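The sequence shown begins at 1 in the UniProt record's numbering and counts up by one.
Cβ coordinates follow ideal geometry from the N, Cα and C atoms, glycine included.
Here the structure is a predicted model, which is why all the values come from computation and not from measurement.
Below: the structure, in structure tokens.
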Amino acid sequence: MIPLKLIPVLWILCLLLVQFSSSSQVSISLSSRSIPKSGDPITIRWSGVDSPSQLDWLGIYSPANSSHPDFIGYVFLSKSPEWKSGSGSIRIPLINLRSDYQFRIFHWKESEINPKKQDHDHNPLPRTKHLLAESETVVFEPGRGPEQVHLALTGQAGEMRVMFVTHDGKREFL
Numbered sequence: 001m002i003p004l005k006l007i008p009v010l011w012i013l014c015l016l017l018v019q020f021s022s023s024s025q026v027s028i029s030l031s032s033r034s035i036p037k038s039g040d041p042i043t044i045r046w047s048g049v050d051s052p053s054q055l056d057w058l059g060i061y062s063p064a065n066s067s068h069p070d071f072i073g074y075v076f077l078s079k080s081p082e083w084k085s086g087s088g089s090i091r092i093p094l095i096n097l098r099s100d101y102q103f104r105i106f107h108w109k110e111s112e113i114n115p116k117k118q119d120h121d122h123n124p125l126p127r128t129k130h131l132l133a134e135s136e137t138v139v140f141e142p143g144r145g146p147e148q149v150h151l152a153l154t155g156q157a158g159e160m161r162v163m164f165v166t167h168d169g170k171r172e173f174l
């Protein structure tokens, strides 16, 4: 027989067990873990967001080990037509920054908006307090040709200087 004093405690434990077993884990999947060349798109899919908000957002990080507030870009999950279901996908082009990328999903509450911190479009900058999920890292395939090509006139008629970055840093010639 269970002592009467323990019944409320057991009842609370049962409620907590139901709560934790019914909550889902947010997951992120990527269309690829390696990108052939700069500017190629990647599709980021997510699922399992409980009580999605219009302010939930996807942070873009490069290098992948950047701290949460150091995102280089962001997209609101509400850009995906299915976002209200807690799942969706977003397709974005990636630029080869010669470092790996990672994507992170955050929940953001309206009460956390700081009107003094805005992006260049005067939208409030998202906060990173409630991390929901992190993706695997994404890299660019090595040796896919020159990147960051720059052209310049040399002062000689019919002559132009071409400068570019290669994957291995060696001197290359055209």
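If you draw a straight line from the alpha carbon of residue i to that of residue j, how long is it in whole angstroms?
| i | j | result |
| --- | --- | --- |
| S99 | H130 | 26 Å |
| Q148 | K37 | 12 Å |
| L153 | K170 | 23 Å |
| V162 | K116 | 43 Å |
| P124 | K109 | 12 Å |
| S43 | S89 | Ser is not the amino acid found at residue 43; the sequence shown has Thr there. So the alpha carbons of these two residues sit roughly 7 Å apart. |
| D70 | R127 | 11 Å |
| S34 | Q118 | 32 Å |
| S85 | V49 | 8 Å |
| I113 | E172 | 49 Å |
| P81 | L132 | 20 Å |
| L151 | G143 | 21 Å |
| P63 | A157 | 42 Å |
| L94 | D121 | 21 Å |
| E159 | E141 | 32 Å |
| W83 | L58 | 12 Å |
Here's the rule: buried if 16 or more other CB atoms are within 10 angstroms of the residue's CB, otherwise exposed. What is residue i?
| i | result |
| --- | --- |
| N96 | buried |
| H107 | buried |
| S21 | In this prediction, S21 has a pLDDT of 42, which is less than 50 and means its spatial position is unreliable; what the coordinates show is noted afterwards. Exposed, since its Cβ has fewer than 16 Cβ neighbours within 10 Å. |
So what does DSSP say about residue i, is it helix, strand or coil?
| i | result |
| --- | --- |
| E134 | strand |
| E110 | helix |
| P67 | A quick correction: the sequence has Ser, not Pro, at residue 67. Reduced to three states, the DSSP call for S67 is coil. |
| L55 | coil |
| M160 | strand |
| S21 | Note on S21: pLDDT 42, under 50, position unreliable in the model; no value is reported. |
| L77 | helix |
| S38 | coil |
| S89 | strand |
Mind checking whether residue i and residue j have CB atoms under 9 Å apart?
| i | j | result |
| --- | --- | --- |
| I105 | V165 | no |
| S67 | Q102 | no |
| W46 | S87 | yes |
| R91 | P41 | yes |
| I60 | G73 | yes |
Return yes when at least one heavy atom of the ligand FMN lies under 8 Å from the C-beta of residue i, else no.
| i | result |
| --- | --- |
| D40 | The ligand content of the structure shown is nil, which means the ligand FMN is not present either. |
*Give a yes or no on contact between the stretch 124 to 143 and the stretch 24 to 31, applying the rule of three or more CB pairs nearer than 8 Å.*
Output reads yes: the stretch 24 to 31 touches the stretch 124 to 143.
_Across the stretch 48 to 55 and the stretch 67 to 80, are there enough close Cβ pairs to call them in contact, namely three or more that are closer than 8 Å?_
With the cut-off at 8 Å, the stretch 48 to 55 and the stretch 67 to 80 touch.
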